[in-house]
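Below is one structure, written out as structure tokens; comments come after it.
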Amino acid sequence: MSDVPITPGLLDADFPAPSESRWLEWVATVDHKRIGILYLVTTLFFFCLGGIEALLIRVQLAWPGNSFLSPEMYNQIFTMHGTTMVFLVVVPLLLGLANYLTPLMIGASDMALPRLNAFSFWVFLFGGVLLYFSFVSGHAPSAGWFSYAPLSEKGFSTRYGLDYWALALLGIGVGTIATAINLIVTIVNLRTEGLTIRRLPLFVWMVFVNSFLIIFALPALNASLVMLLIDRQLNAHFFTQLGGGSPILWQHYFWSFGHPEVYIMVLPAFGIISEVIPVFSRKPIFGYGFVAASTVAIALLSIGVWAHHMFAVGLGHAWDYAFGASSLLIAVPTGVKVFNWIATMWGGSIRFTTSMLFAIAFLFTFTIGGLSGVTFATVPIDWQVTDSYYVVAHMHYVLFGGTLFGVMAGIYYWFPKMSGRLLSERWGAVHFWLMFIGFHLTFFIQHFLGLDGMPRRVYTYPDHPGWAMMNLTSTIGAFVIGISVLVLLTNIVVSLRGGEPAGDNPWNAWTLEWATTSPPPEHNFDAVPPVHGPRPLWDLAHPQGERA
Amino acid sequence: MHVSVFSPASPQATELLWLWNVCMWVCGFILAAVTLPILYIVVRYRRHGENEPPQIAGNKRLEIVWTIIPLALVGFLFVLSIRTARAVDHHVSREPDVVVTGHQWWWEVAYPAANAITANEIHLPVGRDMLIGIEAADVIHDFWVPRLGRKIDAIPGRRNFVWIRAEQPGDYEGACAEYCGAQHAWMRFRVVAQLPAAYDSWLTAQAAAAITPASGDAKLGQTRFGELTCANCHNIRGINKQKQYGPDLTHIASRKMLAAERLENTPGNLKNWLRQPNIIKPNCEMPDLKLSDGDLTVLTALLESLK
Chain A
1 MSDVPITPGL
11 LDADFPAPSE
21 SRWLEWVATV
31 DHKRIGILYL
41 VTTLFFFCLG
51 GIEALLIRVQ
61 LAWPGNSFLS
71 PEMYNQIFTM
81 HGTTMVFLVV
91 VPLLLGLANY
101 LTPLMIGASD
111 MALPRLNAFS
121 FWVFLFGGVL
131 LYFSFVSGHA
141 PSAGWFSYAP
151 LSEKGFSTRY
161 GLDYWALALL
171 GIGVGTIATA
181 INLIVTIVNL
191 RTEGLTIRRL
201 PLFVWMVFVN
211 SFLIIFALPA
221 LNASLVMLLI
231 DRQLNAHFFT
241 QLGGGSPILW
251 QHYFWSFGHP
261 EVYIMVLPAF
271 GIISEVIPVF
281 SRKPIFGYGF
291 VAASTVAIAL
301 LSIGVWAHHM
311 FAVGLGHAWD
321 YAFGASSLLI
331 AVPTGVKVFN
341 WIATMWGGSI
351 RFTTSMLFAI
361 AFLFTFTIGG
371 LSGVTFATVP
381 IDWQVTDSYY
391 VVAHMHYVLF
401 GGTLFGVMAG
411 IYYWFPKMSG
421 RLLSERWGAV
431 HFWLMFIGFH
441 LTFFIQHFLG
451 LDGMPRRVYT
461 YPDHPGWAMM
471 NLTSTIGAFV
481 IGISVLVLLT
491 NIVVSLRGGE
501 PAGDNPWNAW
511 TLEWATTSPP
521 PEHNFDAVPP
531 VHGPRPLWDL
541 AHPQGERA
Chain B
1 MHVSVFSPAS
11 PQATELLWLW
21 NVCMWVCGFI
31 LAAVTLPILY
41 IVVRYRRHGE
51 NEPPQIAGNK
61 RLEIVWTIIP
71 LALVGFLFVL
81 SIRTARAVDH
91 HVSREPDVVV
101 TGHQWWWEVA
111 YPAANAITAN
121 EIHLPVGRDM
131 LIGIEAADVI
141 HDFWVPRLGR
151 KIDAIPGRRN
161 FVWIRAEQPG
171 DYEGACAEYC
181 GAQHAWMRFR
191 VVAQLPAAYD
201 SWLTAQAAAA
211 ITPASGDAKL
221 GQTRFGELTC
231 ANCHNIRGIN
241 KQKQYGPDLT
251 HIASRKMLAA
261 ERLENTPGNL
271 KNWLRQPNII
281 KPNCEMPDLK
291 LSDGDLTVLT
301 ALLESLK
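Residue numbers (the numbering used here), protein chains in the order written: chain A, 1 to 548; chain B, 1 to 307.
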């Protein structure tokens, strides 16, 4: 790009003043930073919707026999909660961060395919609106975020909710795949001089690997959604037991997408943690090569573990052992990462910013989620605890206590770069502690609810010993989380208006995005600093020093 | 009722709990290996002054250590999981003793050898290995009695199996554990473990046809049962013979609970259930027939006579 000559007179041309219509600017933008912010704002909105749905669920379950929601409404709400959080919050939130940060971190001026980038965002937003439009059509989907056949088939879900669900996810899936392709092309082609693959920031590394995983996994979902739609609209029978179809086939297809999806939802968070922990420990990442390589190992293994969602199906012991083994194996590279993060902090000089607090909370919480994951991979334990509240606890430890805590660390870390202002650390600490305590209050006890025999996805439950108390505790915790989100929103609004100016590099960090202004200009860099190692800004500041 | 996996009542559930306990020790060890260093770091390495700490970028020996140890631990768990799986699932060597079929939202329970059929209440003799076949009539359900053993899915077009050997007489509650639609929450059931003699007499009684009521409200109820649409879905062996859609009512009065554990089976509850099934269990397949008080009385009398 740099050897393209500038059109003569371009720099002196008298451009019209920026349009009055700031809305149009945002709608028409192809700038990766604006698109990234559009993703973040949109997902924050959907996060609030999904959160409200979670609170409705917890109110209904606060005590046995509650009639706050009808069973039909409860089932729509929990389906929408899961679908929203997976497809409209966690994945696009990470894509938004990747969108904003990847070009900056590799010293590029934009993504490789800016128009495709804008298309991805708008098709995602369209999918989100379509999904919620189902409420207006009279009935939201109510077959769960996993929509097991034949419950999701026309015979048992007669209303249009499931069709909206399938079409919405199809749109979102197309957008996600396009973004993944865009990220791969960008990372392969637009790295600044000297930024070899072994010097890439780990966030970019994980985004890179993650994008391949998306390209592998999402088409499986899209294909099965089309098959489901054909079943529902054209009376085919891919997933009904009549006429040669099979309900189990849906499970294979769905989870061959669905388990890589779990790692799609967590790998970028690993990347965030791998940036935040070194900077606030004032040390390079411990074992860069191992952290990067373990990501590849996780991605490859994640393709071969899907049937661990199906141990209760009765596939036979050989299947169960094979998928149990691969699922157990995935704990090893994940453990390698955790130990490397700990070793990075060891001997460091740690600043406990809000970002770092979330990163440390991530380590602790995610480890618990990972360990309960190991119990599922130990096949016979899965036979006992699957589809109980134990699973609800496990997956929230991974996706909320893991991914979302990681994202929170990232938001406090990069908000100054995006806005030019620091988030308030005082409000940040309040937010952190409320969310941390609320989270564990809500979900830890659900492990025991599951072990005490409470199935998941029930709109109410009998008054068995302890169940009422445990559910009420969980509900109280959920409201504490709700308050913590309000604190976050307040912090964002207040800091945007009157936060402390950030400067280019408030954390004294060392990756390229901190070498430009905050917020960066539209073209990102006036000059990209030279890159001789994985920490270009550290190298600039320590010309004779150690180069880790 | 107590339904915790921590109070197993069968060798199967005991094996599962044993594996759980071992796994907890392993996980507890790893959690300690992560948490204790973090706590130490938080206290010890808080920032003091502006000096940058020594820049250490890795250590290959350490990497090998924290790769090998977890690998050994998960290998250990894998071997144990095979051992437990084999102890829980024996070879399926014969026809099932009981066939349980999941319906939206109740369980059909058949004893093929005795030609007995009931609903939402599975009687088993204690001390005997019972093979239970699990099927589904509509969507996927899942059979789970936490104190007696593993979950197993009930899948339309397919028969799964589970072995259960109840050790002590008593009632063990179970539930559908696979989301199956509006009333998934009230698709519960119970296993009643009995001494073999009591079990045998129960089975004989269940296999018998209903005794036609001779007179009174129950006799009138029998007439109304046929005239109203009850008989289109429900079977009372000896009184009517229909293709079964709803639960078999031949010996409904002998059951402890109604509507898949939703209500205790008392005359009052039964009458109330007939009056407003859609209030008690919204979206259930049992229709509200707007029965008159007279019909309610005679139908309740009929059903109460079906011991």
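Backbone N, C-alpha and C define an ideal beta-carbon position, used for all residues, glycine too.
Check: Per-residue DSSP class, three states only, for Tyr413/A; Outcome: helix
Check: C-alpha gap between Arg535/A and Met356/A, whole angstroms; Outcome: 19 Å
Check: Proximity test, Cβ basis, 8 Å: Val74/B and chain A; Outcome: yes
Check: Rounded Cβ spacing between Phe143/B and Val162/B (contact assumed at less than 8 Å); Outcome: 7 Å
Check: Members of the segment 111-137 of chain A that neighbour chain B once the beta carbon cut-off is set at 7 Å; Outcome: none
Check: Cβ separation of Phe432/A and Thr354/A, assumed to be a contact under 8 Å, to the nearest whole Å; Outcome: 5 Å
Check: Complete beta strand (DSSP E) runs within the segment 153-209 of chain B (minimum length 3 residues, chain order); Outcome: 160-164, 170-176 and 188-194
Check: Limits of the beta strand (DSSP E) - the one that Asp248/B falls within; Outcome: First-last for Asp248/B: undefined, no H or E at that position.
Check: Nearest to Asp320/A (by Cα), restricted to the options Phe376/A, Phe339/A, Ala361/A and Asn340/A; Outcome: Phe376/A
Check: Per-residue DSSP class, three states only, for Ala143/A; Outcome: coil
Check: Outcome for Pro8/B when other beta-carbon atoms lying within 10 angstroms are tallied against a minimum of 16; Outcome: buried
Check: Proximity test, Cβ basis, 8 Å: Pro247/B and chain A; Outcome: no
Check: Nonlocal neighbours in the same chain, by C-beta distance under 8 Å from Asn272/B, ignoring five residues either side; Outcome: Leu263 and Ile280
Check: Tyr111/B: first and last residue of the uninterrupted alpha helix (DSSP H) it sits in; Outcome: First-last for Tyr111/B: Trp106 to Tyr111, but that is the beta strand (DSSP E), not the alpha helix (DSSP H).
Check: 8 Å Cβ cutoff, Val336/A in contact with chain B; Outcome: yes
Check: Per-residue contacts from Tyr552/A into chain B (C-beta, under 8 Å); Outcome: Summary: the structure shown does not reach residue 552/A, with chain A confined to residues 1 through 548, and so no result is reported for it.
Check: Same chain only: Cβ atoms within 6 Å of Gln55/B, ignoring 5 sequence neighbours per side; Outcome: none
Check: First through last residue of the alpha helix (DSSP H) which encompasses Thr475/A; Outcome: Trp467 to Gly498
Check: is_contact[Ala548/A, chain B] using C-beta, thresh 8 Å; Outcome: Because Ala548/A sits at a pLDDT of 44, beneath the cut-off of 50, its placement in the model cannot be relied upon, and the following sentence gives the value as read from the coordinates. It does: the Cβ of Ala548/A has a partner Cβ on chain B nearer than 8 Å.
Check: Identity of the residue in Leu451/A, Ala429/A, Trp383/A and Val136/A nearest Leu315/A by Cα; Outcome: Trp383/A
Check: Run of the alpha helix (DSSP H) containing Glu261/A, from where it starts to where it stops; Outcome: Pro247 to Ile264
Check: Whether Thr176/A touches Leu101/A by CB criterion (8 Å); Outcome: no
Check: DSSP bridge partner residues for Phe143/B (one or two, in chain order); Outcome: Ile152/B and Cys176/B
Check: Minimum C-alpha distance to Ser254/B - residue among Gln206/B, Pro70/B, Arg47/B and Ile236/B; Outcome: Gln206/B
Check: Near-chain A residues of the segment 17-37 of chain B - C-beta to any C-beta below 7 Å; Outcome: Leu19, Trp20, Cys23, Cys27, Ile30, Leu31, Val34, Thr35 and Pro37
Check: Proximity below 8 Å, CB of Glu135/B to CB of Ala119/B; Outcome: no
Check: With 16 other Cβ atoms within 10 Å as the buried cut-off, status of Ser388/A; Outcome: buried
Check: Partners in chain B for Asp320/A, counting only beta-carbon separations shorter than 8 Å; Outcome: Ala85
Check: Chain B contacts from the segment 456-468 of chain A (Cβ-Cβ distance under 8 Å); Outcome: Arg456, Arg457, Val458, Tyr459, Thr460, Tyr461, Pro462, His464 and Pro465
Check: Exposure label - Ala515/A; buried when at least 16 CB within 10 Å; Outcome: buried
Check: Cβ shell of Val296/A (< 8 Å), same chain only, five flanking positions each side left out; Outcome: Val209
Check: For His103/B, the three-state DSSP class (helix, strand or coil); Outcome: strand
Check: Exposure of Glu261/B, with buried meaning 16 or more beta-carbon neighbours within 10 Å; Outcome: buried
Check: Inter-residue spacing [alpha-carbon to alpha-carbon] between Leu291/B and Pro465/A; Outcome: 37 Å
Check: Beta carbon proximity, Ser2/A to chain B, threshold 8 Å; Outcome: Confidence is the limiting factor: at Ser2/A the pLDDT is only 48, short of 50, which leaves the residue's position unreliable, though a coordinate-based value still follows. Answer no: the Cβ-Cβ gap between Ser2/A and chain B never drops below 8 Å.
Check: Buried versus exposed call for Ala13/B [16 or more other C-beta atoms within 10 Å across all chains shown]; Outcome: buried
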